[in-house]
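To keep things clear, I will list the structure first and then write my remarks on it.
2 protein chains.
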Amino acid sequence: MPQFLKVVRFQEALSLLLDRAPAHMEELVSLEESHRRVLAQDIYSPEDMPAFNRSTVDGYVVRAEDTFGSSESLPGMVRCVGKVEMGLDPGFSITAGECAWMPTGGMLPEGSDAVVMVEYTEKLGTDTILVSRPVAPGENVMHKGEDVSRGALVFKQGERLAAKDIGLLASLGINAVGVAKPYKVGIMSTGDEIIPVDQCPALGQVRDVNSYSLAAAVQSCGAMANRYPLVKDDIGSLQQALRRAWEENDIVLVSGGSSVGVSDYSVEVMLSLPAAEMLFHGIAVKPGKPSIGVAAGRKLIIGLPGHPVSALMVFYLLCAPVINPVRLASVQAEMVVNVASQPGRDDFVPVRLVREGESWQAQPVLGKSGLMRILAQADGFVRIAYEQQGIYAGDRVDVAIF
Amino acid sequence: MPQFLKVVRFQEALSLLLDRAPAHMEELVSLEESHRRVLAQDIYSPEDMPAFNRSTVDGYVVRAEDTFGSSESLPGMVRCVGKVEMGLDPGFSITAGECAWMPTGGMLPEGSDAVVMVEYTEKLGTDTILVSRPVAPGENVMHKGEDVSRGALVFKQGERLAAKDIGLLASLGINAVGVAKPYKVGIMSTGDEIIPVDQCPALGQVRDVNSYSLAAAVQSCGAMANRYPLVKDDIGSLQQALRRAWEENDIVLVSGGSSVGVSDYSVEVMLSLPAAEMLFHGIAVKPGKPSIGVAAGRKLIIGLPGHPVSALMVFYLLCAPVINPVRLASVQAEMVVNVASQPGRDDFVPVRLVREGESWQAQPVLGKSGLMRILAQADGFVRIAYEQQGIYAGDRVDVAIF
């Protein structure tokens, strides 16, 4: 059905999918369940942290101006009027010429604005303190709200929460957060020649690799993977299976059994879904040319090549950024050999990373295209963009990590 | 109890903990559950992949020597004796001067050793094929076992399985793997001043941050986090709680409530566990000096500072490498400012990563030590080793990613 053919560049395919990405539902989760979840809303601080001006050292709390000009040879003199207790309101104030003993973490009394470290003081008699070094206003003090002030934007919508972020939320007393519900991603392999993993392939049969590798890749993007039974190469079976997966998921990945990719009637079946619209049919990339993008309602159907290496590469290129917009980890490396590329398509080259002194070297994993072990041996991949002729040995490249 | 004090360098503390890391139990999991698990054994291929010599192109299968010397002006001539069907044993062999039609993926007949792409052939009459380009033996052929040969080492013990690895296992028909059981890590916060997250702290009280942030950090290392109730500052409560956590886990993290760290009687309680042995008491690092390491039987008790920023930093420095020996992600960056360091200790400086053209810049996150938002704003940290005086602006550094 050549009228469907709509071959696009990689960047265009990706932006078409991103534009039509399904909406995320929202859910409230406790702080304990919030690890790695993506915030559905901005978060503002409900309170000042710290809640009061407090000392960051042991010493004497003073009015800073009373210490100006103090030195070892000519120490200042202040009168000690009390003692601040940890965890208690001081209950007194400091006026000109006065000071009070202050433990680390203690609350500054009214009137005071700085703390002299105990090292720079000396006690004289019962209540006179000699100060051998001046302090500036605010010195050795953590001000109320200095860490986080009440009403301040703490995290933005779309941020993924790490352990350190959960710590900040806990300290602000936020024990539940609104997060995006992870996408449900349906995964199905099609093709008469595909057999379950635990069977031994007869001639011309291949094991169902894609539903396993894609399910793991979907999980690593923080989404829920739903594996469906193998689908035979007939239009009725595919129609029934795809319809069900479309109803039960936000995104459906269909990988064709043949090395050529999803067959023409697969496209027909995809386009028979309600409100279905072809986004692209074929991408100018290597590997992954026979990929298909279809939007149906607020859901996406993505047809992947049948070959396991191509299917997984296309997942990382087109599906991972849609499922998990937080950037893929990448490292800078130096390419160690020339890599030629055909202009007019984006090439994606699997590479191994090798530490070389202070930096990383990227070594393309060699072997015939389509070898399974190429991906297993690779740490990531390098993109050679549409307009580039290739990469020279010595060029610095970004390696996207698998 | 100063007789316990045993201050060590960071590297020594880490290797003491690694030496005494609890043994991992082993379990068998299905391929679907194997994502991110760590292999407990080497894995060897049970079969050849591919299982037979197969064509990588459409064309005519030949004996390569029959095409030697062929050119466009003087094409070679071979007699077509049959047609190989996809997924079927050809059932005939090729002898001198013969060829057969061959689809991509088809099985090479006995006697043949190369495939001429259809583009370089022309049909003459009913069974004569003209060949306009010679092929070398093995050309356009994927040999039996060329991707993975039977008995070859596929993955080593200790490797963590990614999606791409699961794909290779599936294609080899391996549908269950022996993996290390994740550690159980108990987490408890101690201190009279610690209150649950959903309460509003009175003066001198702080919320229980550590058990939330440490639980998330433990999970991100692939281990199981068990949070325990808050423990009051009395020796009986701590003894009971620690004993229980020690029985129920492989590793127990105890964070002290006070900014000074776990108190002296905590050490006493740790050392009262069966076969307990002090590994270190104090580390020459900033932050995290008051950390404690105790081995008790084949289990570890690690005392962390009470301050949430220090506790989490020490977790990343000392606990994460023990729980998950697979390297922490890191990127190379250029430090943008001079950072001074006190010789005689390892300094760990939280930094933000900023993209600058082709490379990354590391900007230390500024602010008074101990601000919670410093970690939330940081992408990772840089180590200034014991013997270094500091880092200069422009130096290349490794940033370990949170």
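Same order as they appear, the protein sequences are chains A and B.
The numbering of the first sequence is the numbering used here, which starts it at 2 and goes up by one.
The numbering of the second sequence is the numbering used here, which starts it at 2 and goes up by one.
In this text, a Cβ means the ideal position worked out from N, Cα and C, and glycines have one as well.
Since this is a predicted model, take the numbers as computed values, not measurements.
- Counting along the chain, Ala217(B) sits inside the alpha helix (DSSP H) bounded by residues Asn211 to Ser221.
- Within the same chain, Pro183, Tyr184, Val186 and Ile324 come within 6 Å of Ala224(A) by CB-CB distance, once the 5 residues on both sides are set aside.
- No Cβ of chain A is located within less than 8 Å of the beta carbon of Asp235(B).
- Secondary structure of Gln333(A) (DSSP, three-state): strand.
- Secondary structure at Val8(B): coil, using DSSP grouped into helix, strand and coil.
- Residue pairing by DSSP puts Glu123(B) in a beta bridge opposite Leu131(B).
- Interface residue (Cβ-Cβ distance to chain A less than 8 Å): Ser190(B) is not classified as such.
- Boundaries cannot be given for Met50(A), as no beta strand (DSSP E) includes it and DSSP labels it neither H nor E.
- With a cut-off of 8 Å on Cβ pairs, the stretch 157-166 of chain B is not in contact with the stretch 5-22 of chain B, counting fewer than three such pairs.
- Between Ala181(B) and Ala41(B), the gap from beta carbon to beta carbon is short of 8 Å.
- Contact between Gly179(A) and Ser46(A) is absent: CB atoms are separated by about 16 Å, not below the 8 Å threshold.
- Closer than 8 Å to the CB of Val210(A) there is at least one CB belonging to chain B.
- In this structure, the straight-line span from the alpha carbon of Arg64(A) to that of Ser113(A) is close to 5 Å.
- DSSP, read as helix, strand or coil, puts Ala226(B) in strand.
- If you draw a straight line from the Cα of His25(B) to the Cα of Glu160(B), it is about 14 Å long.
- Within the stretch 382-400 of chain A, contact with chain B at the beta-carbon level (separation under 8 Å) is assigned to Arg397.
- Short of 7 Å from the beta carbon of Asp67(A), and not among the five residues preceding or following it, lie these beta carbons of its own chain, in chain order: Gly77, Val79, Ala97 and Gly98.
- Taking each of Val30(A), Ile130(A) and Lys369(A) in turn and checking the Cα distance to Val310(A), the smallest one comes out for Lys369(A).
- Within the stretch 347-385 of chain B, the runs of beta strand (DSSP E) that reach at least 3 residues and sit entirely inside it are, in chain order, 347-357, 360-365 and 381-385.
- For Val198(A), the chain B residues whose Cβ falls inside 7 Å of its Cβ are Leu32, Ala171, Gly174 and Asn176, in order along the chain.
- Among the bridge pairs identified by DSSP, Phe69(B) is matched with none.
- With respect to Ala14(A), Leu319(A) sits close: the two C-beta atoms are nearer than 8 Å.
- For Lys165(A), no beta strand (DSSP E) encloses it; the enclosing alpha helix (DSSP H) starts and ends at Ala164 to Ser172.
- Ile236(A) sits in a helix when the DSSP states are folded into three classes.
- Partner residues in the beta bridge of Asp399(A), as assigned by DSSP, are Gln333(A).
- The DSSP-derived three-state label of Phe316(B) is helix.
- The Cβ atoms of Glu33(A) and Tyr317(B) lie no closer than 8 Å to each other.
- Per the DSSP secondary-structure output, Cys81(B) pairs in a beta bridge with Cys100(B).
- Of the residues assessed, Val116(A) falls on the buried side of the cut-off, its CB having 16 or more other CB atoms within 10 angstroms.
- The beta carbon of Glu111(B) lies closer than 6 Å to those of Ser94 in the same chain, with the five residues before and after it left out.
- Between Ile236(A) and Val268(A), the CB-CB gap reaches or exceeds 8 Å.
- In terms of CA proximity to Met279(A), Gly304(A) leads the group Lys287(A), Gly304(A) and Lys290(A).
- Sequence-ordered contacts of the stretch 121-152 of chain A with chain B read Met143, Glu147, Asp148 and Val149 [C-beta pairs closer than 8 Å].
- In the three-state scheme derived from DSSP, where H, G and I count as helix and E and B as strand, Leu18(A) is classed as helix.
- In terms of beta-carbon proximity, Thr96(B) stays away from the interface with chain A, with every pair separated by 8 Å or more.
- Collapsing the DSSP output to three states places Arg245(A) in a helix.
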